[in-house]
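Asks: Below is a structure I'd like to ask you about.
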Amino acid sequence: MQKTLYITSNGRLRRHENTLYFESGEEKRAVDIENIEQIHIFGEVDLNTKALNYISQYGIILHFYNYYGFYSGSFLPRKKNVSGEVVVRQALHYLERKKRLFLAYCFVESAVYHMMRNLRERKEAESFLTAIEDEWEKGRFAISSVAELMGLEGRIRNIYYQSFNQFLPDDFAIEKREKRPPTNPINALISFGNSLIYSHTLSQIYQTQLDPTISFLHEPSEKRFSLSLDISEIFKPLIIDTLIFKLLNNHKITLEHFDEDLNYCYLNQDGRKIFIKELQTKLETTVRHRQLNRNVSYKGFIKLECYKLIKHFISDQVYSPLKAWW
Amino acid sequence: MFVIVTYDINEKRVNKVRKILKKYFTWVQNSVFEGEITLGKLEKCKRELLSVIEKDEDSVYFYEMEYKLVCSKKILGQEKNYDSIII
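What follows is the structure, encoded as structure tokens:
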């Protein structure tokens, strides 16, 4: 199992003694470079080309986040798994309206399924669950374009977020989902989690032959690795939302873990550490896969989605999105 | 798998060995490393070591466990926590 490293403190990342060192002040720490898959950098970290060259030899992906914990970019080493054929076929699925709509529908279907799954165990949210079900059953057969699908998903997500108020602590009331910038703690938490899942998904996509810029639900012109947005749609409710419920309901994260500025709110360093730690345990949790007949971690499921997409593109097997069966 | 590595190497070569082990494991104490590793990586590490050590003079011990949970670690005195994934 390749490790993920998260750097939340400030310092310098450098190549030394043929491995990677993280130095912050007096403290020095060697990193076992052979076992690292990706590094997420939240603090103020210096690094030079010598370090970058060495990192890229090992195919390690760096993800950078800004002061507020939002994803700002990645350093992607030269891609080793390239396949022109897959990229061409992937593009073909984007160009044909029906094929694109099919994939976009799959992503939304899975996202909605996982949202409903999150609410199913909660008695308080029963009315919201039926509301989502109604909206979905009513809307899903009437879709004729990706834009309409996005609209339907937006409406469902609205109901979904409203239901949070029923079972989360009162301190974390959600009036409205707000991004850029998040204005209250719960929005900050969702935004932070979504940034993380986005970059984790990107790491997994990057290890496969898929092109992360050709997407189906989101527009590829979004100047982002939008396939990552598509796939993380599935995993946002499955991984991040369940994590948020757990952290808040067990009072592991409380209001003191947030810094508030003028109409701005974000998770502070302690809060981030708690969140990251929980996320990492979640990503490493394994579930028995019924067809593969082996244990697959949540991180592994992200990669499996990529493989399923490749199979779909080369017309080996029709894509059916993940629906958590456990 | 989880591996503990200890070594006793002639001073001339000890730094070379240390630098190799550093890439694969986390440093625990003087002459001791430990960490989770895959079988392939472990083999690669052993190959690298073999090219450096003198077989009739140096020794490197590998304690290999299938799972980390097999062994429990008890610490007296200072714990140096170098293996956390959050820095």
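Line order of the protein sequences matches chains A and B. The working numbering puts the first sequence at residues 451 to 776. The working numbering puts the second sequence at residues 13 to 99. Every residue, glycine too, gets a C-beta built ideally from N, C-alpha and C. The model shown is predicted, which means the values in this text are computed figures rather than measured ones.
(1) Using a 10 Å radius around the Cβ and a threshold of 16 neighbouring Cβ atoms, would you call Cys83/B buried or exposed?
(2) Give the DSSP-derived three-state secondary structure of Ala623/A in the structure shown.
(3) State the DSSP-derived secondary structure class of Gly509/A, mapped to helix, strand or coil.
(4) Going by C-alpha to C-alpha distance, which of Ile489/A, Ala575/A, Gln659/A, Phe708/A sits closest to Ser613/A?
(5) Straight-line CA distance for Tyr769/A to Arg550/A?
(6) How would you write the range of the beta strand (DSSP E) that Met565/A sits in, first residue to last?
(7) Closest by CA to Ser577/A, which one among Gln616/A, Tyr555/A, Ile764/A?
(8) Cutting at 7 Å between CB atoms, please list the residues of its own chain near Val746/A, excluding the five before and the five after it.
(9) Distance cutoff 8 Å, beta carbons only. Does Ile97/B sit that close to anything in chain A?
(10) Measure from the C-beta of Phe472/A to each C-beta in chain B and report whether the shortest distance is under 8 Å.
(11) Taking only the alpha-carbon atoms, compute the straight-line gap between Leu772/A and Leu667/A and give it to the nearest angstrom.
(12) Could you say which of Glu706/A, His650/A, Thr692/A, Val562/A lies nearest to His490/A if we only look at CA atoms?
(13) Alpha carbon to alpha carbon, how far is Tyr75/B from Thr469/A?
(14) Considering Cα atoms alone, identify which of Ser506/A, Lys749/A, Ile694/A is closest to Ser524/A.
(15) Can you look up Phe725/A in the DSSP assignment and give me helix, strand or coil?
(16) What residues from chain B crowd round Thr454/A, counting only those whose CB sits closer than 8 Å?
(17) For the region 43-77 of chain B, which residues have a CB atom closer than 7 Å to at least one CB atom of chain A, in sequence order?
(18) Can you check the region 677-723 of chain A for any beta strand (DSSP E) of at least 3 residues that lies completely inside it and give the ranges in chain order?
(19) Take every Cβ of the region 693-705 of chain A, pair it with every Cβ of the region 23-43 of chain B, and state whether three or more of those distances are shorter than 8 Å.
(20) Taking 8 Å as the threshold, find out whether the region 715-723 of chain A comes into contact with the region 516-523 of chain A through three or more Cβ pairs.
(21) Can you give me the C-alpha to C-alpha distance between Arg572/A and Glu583/A, rounded to a whole angstrom?
(22) Rounded to whole angstroms, what's the CA-CA distance from Val537/A to Ser676/A? Just pull it up for me.
(23) Mind listing which residues of the region 478-492 of chain A have their C-beta closer than 7 Å to chain B's C-betas, in chain order?
(24) Taking beta-carbon pairs under 7 Å, can you tell me which members of the region 738-756 of chain A lie near chain B?
(25) Hey, how far is the Cα of Leu61/B from the Cα of Gln90/B?
(26) Residues of chain B with a CB under 7 Å from the CB of Ser645/A: which are they?
Replies: Once the coordinates are examined:
(1) Walking along the second sequence from the start, residue 83/B turns up at place 71. Classification for Cys83/B: exposed.
(2) Residue 623/A sits at position 173 when you count from the first residue of the first sequence. Looking at Ala623/A - three-state DSSP - the assignment turns out to be coil, as it is neither helix nor strand.
(3) Within the first sequence, residue 509/A is the residue found at index 59, counting from 1. The answer is coil: DSSP assigns Gly509/A none of H, G, I, E or B.
(4) To locate residue 613/A, count along the first sequence from 1; it is residue 163. Closest by alpha carbon: Ala575/A.
(5) On the first sequence, position 319 is the one that residue 769/A refers to. On the first sequence, position 100 is the one that residue 550/A refers to. The alpha-carbon atoms of Tyr769/A and Arg550/A are separated by roughly 12 Å.
(6) Walking along the first sequence from the start, residue 565/A turns up at place 115. Premise fails: Met565/A lies in the alpha helix (DSSP H), 547-570, not in any beta strand (DSSP E).
(7) As a working mapping, residue 577/A is identified with position 127 in the first sequence. The residue with the shortest Cα to Cα distance from Ser577/A is Gln616/A.
(8) Here residue 746/A corresponds to residue number 296 of the first sequence, with the count starting at 1. For Val746/A, where only same-chain residues beyond five positions count, the Cβ hits under 7 Å are Thr736, Val737, His739, Leu754.
(9) Along the second sequence, one-based indexing puts residue 97/B at 85. The C-beta of Ile97/B comes closer than 8 Å to at least one C-beta of chain A.
(10) Here residue 472/A refers to the residue found at position 22 when the first sequence is read from its first residue. Closer than 8 Å to some Cβ of chain B, the Cβ of Phe472/A qualifies, so yes.
(11) Counting from one through the first sequence, the residue named residue 772/A turns up at place 322. Counting from one through the first sequence, the residue named residue 667/A turns up at place 217. Between Leu772/A and Leu667/A, the C-alpha separation is close to 16 Å.
(12) Reading the first sequence from its first residue, position 40 is the one you call residue 490/A. When the alpha-carbon of His490/A is set against those of Glu706/A, His650/A, Thr692/A, Val562/A, the nearest one is in His650/A.
(13) For the purposes of this step, residue 75/B is taken as residue 63 along the second sequence, with counting starting at 1. For the purposes of this step, residue 469/A is taken as residue 19 along the first sequence, with counting starting at 1. Going from the Cα of Tyr75/B to the Cα of Thr469/A covers about 23 Å.
(14) Here residue 524/A corresponds to residue number 74 of the first sequence, with the count starting at 1. Nearest option by C-alpha distance: Ser506/A.
(15) Here the question's residue 725/A lines up with position 275 in the first sequence. In the structure shown, Phe725/A sits in a helix (DSSP, three-state: H, G or I).
(16) Within the first sequence, residue 454/A is the residue found at index 4, counting from 1. Those within 8 Å of Thr454/A in chain B are Ile97.
(17) Gly47, Glu48, Ile49, Lys53
(18) 708-711, 714-717
(19) The region 693-705 of chain A, when compared against the region 23-43 of chain B, does not touch it at the 8 Å Cβ threshold.
(20) yes
(21) The residue labelled residue 572/A in the question sits at position 122 within the first sequence. The residue labelled residue 583/A in the question sits at position 133 within the first sequence. Their Cα atoms are separated by approximately 15 Å.
(22) Along the first sequence, one-based indexing puts residue 537/A at 87. Along the first sequence, one-based indexing puts residue 676/A at 226. Cα-Cα distance, rounded: 14 Å.
(23) Arg479, Ala480, Asp482, Ile483, Glu484, Asn485
(24) none
(25) For the purposes of this step, residue 61/B is taken as the residue at position 49 of the second sequence. For the purposes of this step, residue 90/B is taken as the residue at position 78 of the second sequence. Spanning the two alpha carbons is a distance of roughly 30 Å.
(26) Here residue 645/A corresponds to residue number 195 of the first sequence, with the count starting at 1. Simply none; closest approach about 16 Å.
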